[in-house]
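Remarks on the structure that follows.
Number of protein chains: 2
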Amino acid sequence: MLDVALVGTGGMTPLPDRWLASVLLRWAGRLILFDCGEGTQISLRRLGWGIKAVDPILISHLHGDHVLGLAGLLLSQANAERREPVHIFGPPGLQRWLEAMRVHVPYLPFAIGIHELRDGATYDLADGVTLTAAEASHSAPCIAYRLDTTRAREFLPNQARALGIPVQQWSQLQRGHSVQLQDRTISPDEVLGPDRPGLSVCLIGDTRPSRRLAELARGVDLLVCEGTYGADTDLDRAIERKHMTFREAATLARDAQAKQLLLTHFSAGMADPAAYAPNAAEVFPNTIVGKDHLSLSLNYAD
Amino acid sequence: MLDVALVGTGGMTPLPDRWLASVLLRWAGRLILFDCGEGTQISLRRLGWGIKAVDPILISHLHGDHVLGLAGLLLSQANAERREPVHIFGPPGLQRWLEAMRVHVPYLPFAIGIHELRDGATYDLADGVTLTAAEASHSAPCIAYRLDTTRAREFLPNQARALGIPVQQWSQLQRGHSVQLQDRTISPDEVLGPDRPGLSVCLIGDTRPSRRLAELARGVDLLVCEGTYGADTDLDRAIERKHMTFREAATLARDAQAKQLLLTHFSAGMADPAAYAPNAAEVFPNTIVGKDHLSLSLNYAD
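In order, the protein sequence lines correspond to chains A and B.
This note's numbering numbers the first residue of the first sequence as 228 and each following residue consecutively.
This note's numbering numbers the first residue of the second sequence as 228 and each following residue consecutively.
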């Protein structure tokens, strides 16, 4: 099960009743954070999924509303006695940004892994999660992320029994290792079903829509995507400021054949984002207009 | 009238129900901010006194919980179309800290005035406010501030009439300028009462108590002071971490002959600071245990 929570849904400015846009994923005890504006650690506390275990942190771009909460979060992880490294991914410029941050936060009891990503970069995170990066189209270098979990192939017990493999040796095969019987070697392929898809999430921060992003999000179980403006009449503003309207984000989800769309990163001027839900649903019915601390769980279809 | 609000009352870590310790003063339309931890701009929005007009910003010291909200606040002032400079005061090291911040916030449409202060420094702010700095005793260089407003001398109309000064020329005398009558020159001293005290506030961030701080706070109308630990039994911890207990802060207020004490900067472990009020009140009865957004107004005694 992959859990997803919206830590905040606000764009540009943190509001008293809306934290800055940030997403937390929980997978196999690991907490993966996407973006970290001012106040993210406070909202994380309220959410209650934990702070110490947050790693890695994926940064879309280096505008303040997406990254100024980083120092405070790391300090809180230090206060929580974290000692393991924290890995931070982001666009080119991340290293320089973090070096300046270390002037503000000179003492941390753990290492920071810095990973500047370019379009097409992939990275194997631990626990069977693969990260893929694509360049978005914003007013600053901006990275969109896709995360895919790998799913173990099904173990076929009837097959194993038919081959006469003692039950004690099944787990070895399940882990992908061959076992030696008296007369022959059994390979995992003989007792494992075909490859099967894991779960997939695509995280898209500030951007205009693009073919590249639709490609990144191809067929994902969940697309979490910026929808800065709900009204279609704000299209000019969206173009000018390099953001998307709800309708554009829904079109991206449709083009990508995503299974579900979760909208976030709402303009501070939009008091009730849910009121604009129809503008997205007309294009892509399976749309949720996010709100702070909304969470959902992704499960295998079978 | 000088208004004082607690923007937050938390020490070290921002909590969902307690913003980091910060104080806002309002005097003659000017907003003076003391300390700016993560989330301060959000709490300022909730308080509703304004953000654009905040200037100067007084920083006690460069630990994250007192200063990491600075970049976000300045960005919000920029978004609010501020164009006038913002002056930031703080301990030695402030300039280097702000230079690193400019890597994170490269574009601001106004100038930043940087003022590193040492013990005993004074500074005339506009609108008749004088700032005096004293060095506190914390684990990092830390500045405590005293602000004094100047008060105009009383104009004595009976005196002016007796001297035969036309009413049209009274305002010139009130502003401290001499006026020329036919036969002689009238100096302001002839129609103004004696000097009279203005209002005074002392702002003390993280520190152990000291004679120097009692001297700084001598006779102030209001002492806003850290009281990290309510329980007397936390004295050892207060000494170790360079903070104060409620009782110590109250003793400082008594030694300084302050008129009123407002406690803030509470340890995150202290769920109900008000429960420890007696520990302060036994020493200094006129103590208020602060809470977020508590505000009060100081007025001239007469």
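Yeah, the Cβ is synthetic: ideal placement off N, Cα and C, and Gly gets one too.
A:Val418 sits in coil when the DSSP states are folded into three classes, being neither helix nor strand. Looking from the CA of B:His492, the closest CA among B:Pro512, B:Asp448, B:Thr434, B:Gln268 belongs to B:Thr434. In this chain, the beta strand (DSSP E) harbouring B:Glu343 covers 339 to 343. B:Glu265 belongs to the set of residues whose beta carbon lies under 7 Å from a beta carbon in chain A.
Taking CB atoms only, A:Ile269 has a neighbour in chain B less than 7 Å away.
Taken atom to atom, the span from the alpha-carbon of A:Arg373 to that of A:Gly235 is near 19 Å. The beta-carbon of A:Val250 is placed no less than 7 Å from the nearest beta-carbon of chain B. Within the same chain, and ignoring the five residues on either side of B:Arg468 in sequence, the residues whose Cβ sits closer than 8 Å to its Cβ are Ser366, Thr455. By alpha-carbon distance to B:Leu383, the top candidate from B:Asp416, B:Leu525, B:Trp276 is B:Asp416.
For B:Pro333, no Cβ of chain A is located within less than 7 Å of the residue's own Cβ. The residues Lys279, Phe337, in chain order, have a CB closer than 6 Å to that of B:Arg309 in the same chain once the five nearest residues on each side in sequence are set aside.
With respect to the 7 Å criterion, B:Pro368 and B:Pro318 are classified as neighbours on the basis of their beta carbons. Between the alpha carbons of A:Leu258 and B:Asn306 lies a distance of about 33 Å. Runs of beta strand (DSSP E) with 3 or more residues, each lying fully within the segment 253 to 278 of chain A, are found at 257 to 261, listed in chain order. Residues of the segment 315 to 347 of chain B whose Cβ lies closer than 7 Å to any Cβ of chain A, in chain order: Arg323, Trp324, Ala327, Val330, His331, Val332. The three-state secondary structure of A:Pro500, taken from DSSP, is helix. Closest by C-alpha distance to B:Ser427, out of B:Pro241, B:Gln484, B:Leu462, is B:Gln484. Assignment of beta-bridge partners to B:Arg435 by DSSP yields B:Ser364.
In the three-state scheme derived from DSSP, where H, G and I count as helix and E and B as strand, A:Arg474 is classed as helix. Inclusion of A:Arg439 and A:Ala361 in the CB contact set at 7 Å is warranted, their separation being smaller than that value.
Between A:Leu251 and A:Ala232, the CB-CB gap stays under 7 Å. With fewer than 16 other Cβ atoms inside 10 Å of its own Cβ, A:Met228 counts as exposed. A distance of 7 Å or more separates the beta carbons of B:Ala458 and B:Phe511. Neighbourhood of A:Leu302 in chain B, by CB distance below 7 Å: Gly291, in chain order.
For B:Arg309, no beta strand (DSSP E) segment is defined, and its DSSP state is neither H nor E.
In the three-state reduction of the DSSP assignment, B:Glu381 falls in the coil class. Rounded to whole angstroms, the gap between the alpha carbons of B:Leu488 and B:Leu521 is 13 Å.
Pairwise C-beta distances place the segment 344 to 353 of chain B out of contact with the segment 344 to 351 of chain A, as fewer than three of them are shorter than 8 Å. Cβ contact annotation for B:Glu311 (same chain, cutoff 8 Å, sequence separation greater than five): Asp282, Phe337, in chain order. With contacts defined as CB atoms closer than 7 Å, A:Leu301 and A:Leu274 fail to qualify as a contacting pair. Taking the CA atoms as reference points, A:Thr240 sits about 58 Å from A:Ala387. The C-alpha of B:Asp244 is placed about 30 Å away from the C-alpha of B:Ala444.
Secondary-structure assignment with DSSP links B:Gly237 through a beta bridge to B:Leu247, B:Phe493. Straight across, the Cα-Cα distance linking A:Ala363 with A:Met471 is about 12 Å. The CB of B:Arg273 comes closer than 8 Å to the CB of Pro243 in chain A, given here in chain order. Judged by DSSP secondary structure, B:Leu321 falls outside any beta strand (DSSP E) and instead within the alpha helix (DSSP H) spanning 321 to 331.
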